[in-house]
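Written below as structure tokens is the structure these notes are about.
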Amino acid sequence: MTAHPQLGTEPEQPQPGAGADGARGRALIARLREIVGAEHVFTHPHQLRTYASDGLLQYSQHPAAAVVPGDAAEVAAVVRACHEAEVPWVARGSGSGLSGGALPVEDGILVALTRMNRILEVDLPNQRVVCEPGVTNIAISQAVGPGHFYPPDPSSQIICSIGGNVAENSGGAHCFKYGFTTNYVTGLKVVLHDGEQIEIGGKEPDGPGYDLLGAFVGSEGTLGVATEITVRVVPSPEAKRTLVAFFPSPAHAGRVVSDVVRGGIIPGAMEIMDQMSLRASEQMANAGWPTDVGAALLAELDGSEDACEAGFERLREICESHEASEIKVASDEAERAQMWHMRKAAFPAMGRLASHYYVQDGVIPRTKLPEVLDRIDALAEQYDLRVANVFHAGDGNLHPLVCYDANQEGEAERAEELAGEIIVACVEAGGSITGEHGVGVDKKRYMPKMFSEADLSAFQKLRCAFDPNGRTNPGKVMPTPRLCGEVPGPYRQHPLEQAGLAERF
Amino acid sequence: MSTGTSSSPRTAAEAAEALRAAAAQGARVRIAGHGTKLRWGRPALPPEVELLTDSLAAVLEHNEGDFTAVVGPGLPLAALQDQLAEAGQMLAVDPPLGPTGREGADDGATIGGAVACADSGPLRHRFKAARDLVIGVQVALTDGSVARAGGKVIKNVAGYDLAKLFTGSFGTLGMMTELSLRLHPRAARTATAIAEGNDPRALATAADAVAHRPFEPDCLDVRWGGDRGAVLARFGGDTAGDQAARVLAVLREAGLQARVEEDDDALWAAQRAGQRSERGTVVRVAHTQDRLADVLTGARSAGAGAVGRAGLGLSWLRLEDAEPGAAIAFVQDVRTRLGPAPCVVLDAPEEVRRALDPWGGPDGGTLELMRRVKARFDPTGACNPGVYVGGI
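In the order they appear, the protein sequences are chains B and P.
According to numbering that gives the first Met the number 0, the first sequence is numbered sequentially starting from 0.
According to numbering that gives the first Met the number 0, the second sequence is numbered sequentially starting from 0.
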């Protein structure tokens with residue numbers, strides 16, 4: 000969608016499985032056909048092409064087979080069969096991920112959840128929706144609207160699946176106020192590495208014991224696959240007020256964002272576009288926005304009428320105090336939609352300014368915005384490439400778009416290197432290598448920039464508790480393949496048990 | 000309670016070394032802050048080694064413009080809030096700070112203790128739980144390592160979310176040595192719409208009506224005590240009074256007397272206090288919103304007090320001045336009435352927690368997975384053994 004296949008290194012070669020292409024592999028595929036029906040198992044290369052990449056096209060890998068189960072029991076049986084055959088497997092939702100998180104494993108099995116797209120229950124009295132993983136993000140809001148909605152809203156919400164959102168802990172433009180997927184999932188049914196089905200949480204909050212929901216959401220499909228998801232929905236805001244203001248530079252717009260937050264206002268969304276992205280969007284969407292300014296800030300307040308009105312006045316004052324050259328206020332839903340269209344056009348519109356571009360995803364502390372932007376400018380100059388910037392400004396999530404021409408010798412490589420330098424600059428500013436796209440295969444080489452060996456070893460402890468054999472979406476997240484080793488010694492019997500004062504079960 | 004050795008590591012490395020040494024000896028380690036929640040969980044044998052967070056109690060960073068802070072776990076929550084208030088900010092984690100903790104540590108719950116026990120208060124309604132506000136963690140583990148997860152930014156999906164795993168883990172996986180926190184603006188003005196009545200069903204109906212409309216209160220609580228109860232919706236900010244006034248009509252529709260209180264701190268202090276008991280028994284029920292009337296009716300019939308987060312489905316039922324036998328019967332009655340909603344016993348006399356599993360679960364096949372998590376992080380079972388679910 001946004002990345003180009005020509006960029007990047009050779010397709011990642013994950014650890015090969017035990018060989019689904021041999022006799023054992025043929026036996027496994029026969030078994031999978033028994034489980035889901037032959038019409039839902041794909042092995043021909045032209046069928047497998049559909050599943051070879053996710054939204055990040057520079058990584059491509061055919062699995063041994065793609066399987067499309069129809070319900071949780073079939074998923075469990077498929078995973079058990081893979082476990083018994085010692086073949087790795089990868090779960091996939093809509094395939095719109097941007098970090099290669101659903102990239103198949105060579106000789107492995109791809110489990111596509113597209114047939115599991117039923118909303119199982121809408122429970123408005125308890126503000127919950129129970130659904131299968133293949134349900135699209137937007138379908139949840141549609142099922143509870145107009146009185147309620149499901150807040151995490153990734154830009155891909157009309158196609159991305161809730162199962163993928165759970166794997167990636169997806170955010171969106173409104174997550175500064177409302178939070179991320181992990182803040183809304185209250186229950187999961189999960190199939191573990193060996194096909195065991197467990198149920199974590201439910202409609203109620205705060206089940207006793209470790210926060211396995213918190214561990215699972217955002218684990219990028221490496222801890223298991225969710226087959227049923229319960230999410231919280233919230234009342235739709237009574238009012239929405241949207242404006243766009245134009246400033247001499249992104250730093251000016253950044254200072255507005257800081258003042259807004261410091262003033263106790265929590266907007267639903269605050270998005271900054273720099274001049275280059277602004278020009279690209281204007282060319283494509285023709286909203287009549289000025290293109291000679293340094294930056295645009297799109298801000299939306301939502302909530303109760305009173306709070307919204309008071310906050311909006313304050314927002315305008317703050318914009319004016321930071322040299323806003325012009326402020327446009329959306330007077331109706333059509334104008335509001337056009338403002339959002341301009342923002343969402345930024346990525347596709349870039350195609351008009353550059354033959355190829357790469358979308359980076361980094362996070363910085365909000366106050367570091369001016370210095371990180373200066374750093375990005377300096378890097379762009381050094382690499383002789385253009386970088387456009389759009390940000391989810393409230394939470395410091397930057398999406399620099401590195402433009403290049405893949406037909407020019409060496410430019411794709413230079414673009415990739417520059418994108419990497421930008422991510423390093425984010426980490427050095429106290430930020431993160433990814434705010435919402437995930438690590439997947441694309442960012443794993445940057446994990447050591449952010450985490451020490453001890454940190455990675457602690458991550459591995461969690462992963463091994465869920466997937467001791469390393470066959471659940473292997474080759475993702477961690478920078479280098481690691482083995483789990485034996486489960487450490489038998490659980491020590493506690494003296495309380497010896498004394499008969501407590502029991503384990 | 001007698002303990003073997005007690006120490007207060009000054010650095011994460013010291014904590015990790017102390018844990019490693021204790022685990023190597025097969026010692027039972029208790030990791031504690033101010034000990035205000037030592038009456039929670041399964042009764043356990045006295046520790047042989049106690050690691051206190053007292054010396055890891057600094058505000059390491061307060062990034063005002065970013066609304067984040069990095070703090071040591073031993074910092075008293077009240078002290079943290081005082082410091083943040085000077086900048087017009089707060090950590091939206093507001094559990095009750097008492098009752099009394101261990102000797103010499105009477106300034107209430109620490110941030111580390113609140114996070115380790117996943118405790119919460121009324122602000123959770125709008126600002127979510129501790130798990131949602133801890134954006135990074137540094138932990139000392141029994142293998143002698145010091146590991147970090149998350150970071151200092153509010154949006155971050157790099158690596159596994161060990162901060163959530165450690166939140167609510169009761170110190171059974173290792174010792175948190177640093178916490179990164181997301182902060183929020185502190186409202187300069189507040190106002191509360193309060194409606195009182197003696198019919199639990201009417202109170203639940205009113206609270207539910209508020210929860211389903213876009214009023215956006217900071218807090219939405221119910222309470223029951225004696226033969227009366229109330230619904231309380233608190234708003235913050237310049238328009239707090241107006242916003243509270245708009246809720247009155249909804250509360251009155253349910254047949255309740257309703258008014259706005261501008262001077263509302265005492266009301267909310269009482270809500271928080273209702274989650275704890277010095278000598279009695281407290282059961283925290285995690286229920287769906289449509290069980291709220293059953294929770295309040297249950298409190299009435301048991302002669303218990305209750306406070307609850309109406310929009311979340313979290314209620315604390317509190318029975319004071321009961322013999323152990325009566326307290327045990329109370330817990331069993333709550334579980335019979337409200338199960339399978341998780342009913343976790345928090346404060347309770349040791350006899351009560353010995354006679355029944357305070358955790359009452361978990362089920363759904365997760366307990367074995369939790370044991371595997373424990374085994375990976377703390378293979379010898381050194382950290383706070385026996386207090387957690389399933390005897391972890």
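All C-beta atoms in this analysis are idealised placements derived from N, C-alpha and C, irrespective of residue type, glycine included.
Open item on the list: Quick check on B/K343 - is its C-beta less than 9 Å from some C-beta in chain P?
Closed with: Not an interface residue.
Open item on the list: So the candidates are P/L337, P/L76, P/D289, P/D346; which of them puts its Cα closest to the Cα of P/P323?
Closed with: Closest by alpha carbon: P/D346.
Task: Cβ-based burial, B/R48 [other Cβ within 10 Å; buried from 16] - done: Around the beta carbon of B/R48, a 10 Å sphere encloses fewer than 16 other beta carbons of the protein chains shown; the residue is thus reported as exposed.
Task: Close Cβ partners of P/W39 (< 6 Å) along its chain, the five nearest in sequence each way excluded - done: So the qualifying residues of the chain are L345.
TODO: Compute the Euclidean distance between the alpha carbons of P/L96 and B/G171, then round it to the nearest angstrom.
DONE: Going by the C-alpha atoms only, they are around 35 Å apart.
Open item on the list: Just to confirm the assignment, what range does the alpha helix (DSSP H) spanning B/P369 have?
Closed with: Boundaries of the alpha helix (DSSP H) around B/P369: 368–382.
Open item on the list: Measuring straight from C-alpha to C-alpha, what distance separates P/L140 and B/Q274?
Closed with: Each residue's Cα considered, the two are about 48 Å apart.
Open item on the list: Would you say P/R245 lies against chain B (beta-carbon separation less than 9 Å)?
Closed with: Look at P/R245: its C-beta is under 9 Å from a C-beta on chain B.
Task: Which of helix, strand or coil DSSP assigns to B/M115 - done: Secondary structure at B/M115: coil, using DSSP grouped into helix, strand and coil.
Open item on the list: Can you give me the C-alpha to C-alpha distance between P/A31 and B/G361, rounded to a whole angstrom?
Closed with: Taking the CA atoms as reference points, P/A31 sits about 36 Å from B/G361.
Task: Below-9 Å beta-carbon distance, B/H436 vs any chain D residue - done: In summary, chain D is missing from the structure at hand, where the protein chains are B and P.
Open item on the list: Let me see if you follow: with CB-CB separation under 9 Å, is P/G112 close to chain B or not?
Closed with: No - not a single Cβ of chain B is within 9 Å of the one on P/G112.
TODO: Grab the span of the alpha helix (DSSP H) containing B/I161 for me, first residue to last.
DONE: Where B/I161 is concerned, the enclosing alpha helix (DSSP H) stretches over 161–167.
TODO: Step through the CB atoms of chain P and report whether any lies within less than 9 Å of the CB of B/P62.
DONE: For B/P62, not one C-beta of chain P is nearer than 9 Å to its own C-beta.
Task: Nonlocal neighbours in the same chain, by C-beta distance under 7 Å from B/G217, ignoring five residues either side - done: Same-chain partners within the cutoff: E167, N168, T181.
Task: For P/L178 and P/A145, believed in contact at Cβ under 8 Å, the rounded distance - done: The sequence shown places Val at residue 145 of chain P, not Ala. At roughly 14 Å, the Cβ-Cβ gap does not stay under 8 Å, so P/V145 and P/L178 are not in contact.
Open item on the list: I'd like to know whether the C-beta of P/S1 is nearer than 9 Å to at least one C-beta of chain B.
Closed with: Low local confidence applies: a pLDDT of 47 at P/S1 is under 50, so the model's placement there is unreliable, and no value is given.
- [ ] Starting from the C-beta of P/V330, find all residues in its chain whose C-beta is less than 8 Å away, skip the five residues before and the five after it, and write them out in chain order.
- [x] For P/V330, where only same-chain residues beyond five positions count, the Cβ hits under 8 Å are T280, V282, C342, V344, A347, V351, L355.
Open item on the list: Taking the straight line between their C-alpha atoms, what separation do you get for B/A101 and B/V78?
Closed with: In this model, B/A101 and B/V78 are separated by some 16 Å (Cα to Cα).
TODO: Go through its chain and collect everything with a Cβ distance to B/P369's Cβ below 7 Å, but skip five positions before and after it.
DONE: Within the same chain, B/P369 has close Cβ partners A250, G253.
Task: Residues that DSSP places opposite B/L47 in a beta bridge - done: Residue pairing of B/L47 in beta bridges, as defined by DSSP: absent, with no partner found.
Open item on the list: Alpha carbons only, please: which of B/I137, B/Y50, B/P234, B/P467 is nearest the one belonging to B/I82?
Closed with: In the sequence as presented, Ile is not what sits at residue 82 of chain B; that position holds His. Per the Cα distances, B/P467.
Task: Cutoff 7 Å; reference B/F504; Cβ partners in own chain excluding five residues on either side - done: Low confidence applies here, because B/F504 scores a pLDDT of 33, under 50, leaving its location unreliable and the question unanswered by this model.
Task: Spatial neighbours of B/L212 in its chain, beta-carbon cut-off 7 Å, leaving aside the 5 residues before and after - done: When the five nearest sequence neighbours on each side are left out, the beta carbons in the same chain lying within less than 7 Å of the beta carbon of B/L212 are those of V184, L187, I199, G200, in order along the chain.
TODO: Identify whether B/H192 lies in helix, strand or coil by the three-state DSSP scheme.
DONE: In this structure, B/H192 counts as coil in the three-state DSSP scheme.
Open item on the list: Give me the chain B residues within the contact set of P/I153, using Cβ-Cβ distance strictly less than 7 Å, ordered along the chain.
Closed with: Within 7 Å Cβ-Cβ: D394.
Task: Inter-residue Cα distance where the pair is P/G225 and P/L90 - done: Those two C-alpha atoms are separated by around 33 Å.
Task: Assigned exposure category for B/T471 - 16 Cβ within 10 Å defines buried - done: Looking at its Cβ environment, which holds 16 or more other Cβ atoms inside 10 Å, B/T471 is buried.
Task: DSSP state of B/I108 mapped onto helix, strand, coil - done: B/I108 carries a strand assignment under DSSP once its states are collapsed to helix, strand and coil.
Open item on the list: Tell me the residue span of the beta strand (DSSP E) that contains B/P447.
Closed with: DSSP places B/P447 in no beta strand (DSSP E) but in the uninterrupted alpha helix (DSSP H) bounded by 446–449.
Open item on the list: So, for P/V372: in the same chain, excluding its five sequence neighbours on each side, which residues have a beta-carbon less than 8 Å away from its beta-carbon?
Closed with: L164, L172.
Task: Cβ neighbours of B/Q497 in the same chain (closer than 6 Å, five flanking residues each side left out) - done: The predicted model places B/Q497 with a pLDDT of 46, which falls under 50 and marks its position as unreliable; any figure quoted below should be read in that light. So no residue of the chain qualifies.
- [ ] Determine, using beta carbons only, whether B/G96 and B/G310 come nearer to each other than 9 Å.
- [x] Going by beta carbons, B/G96 and B/G310 fall outside the 9 Å limit.
TODO: On the DSSP bridge assignment, give the partners of P/H183 in chain order.
DONE: In DSSP, P/H183 forms a bridge with P/M89.
TODO: Answer with yes or no whether the minimum CB distance from B/A17 to chain P is below 9 Å.
DONE: Note that B/A17 scores a pLDDT of 44, beneath 50, so its modelled location is shaky; the value from the coordinates is reported in the next line. No - not a single Cβ of chain P is within 9 Å of the one on B/A17.
Open item on the list: Between P/A203, P/L161, P/G150, P/E16, which has its C-alpha nearest P/A115's C-alpha?
Closed with: Out of P/A203, P/L161, P/G150, P/E16, P/L161 has the C-alpha closest to the C-alpha of P/A115.
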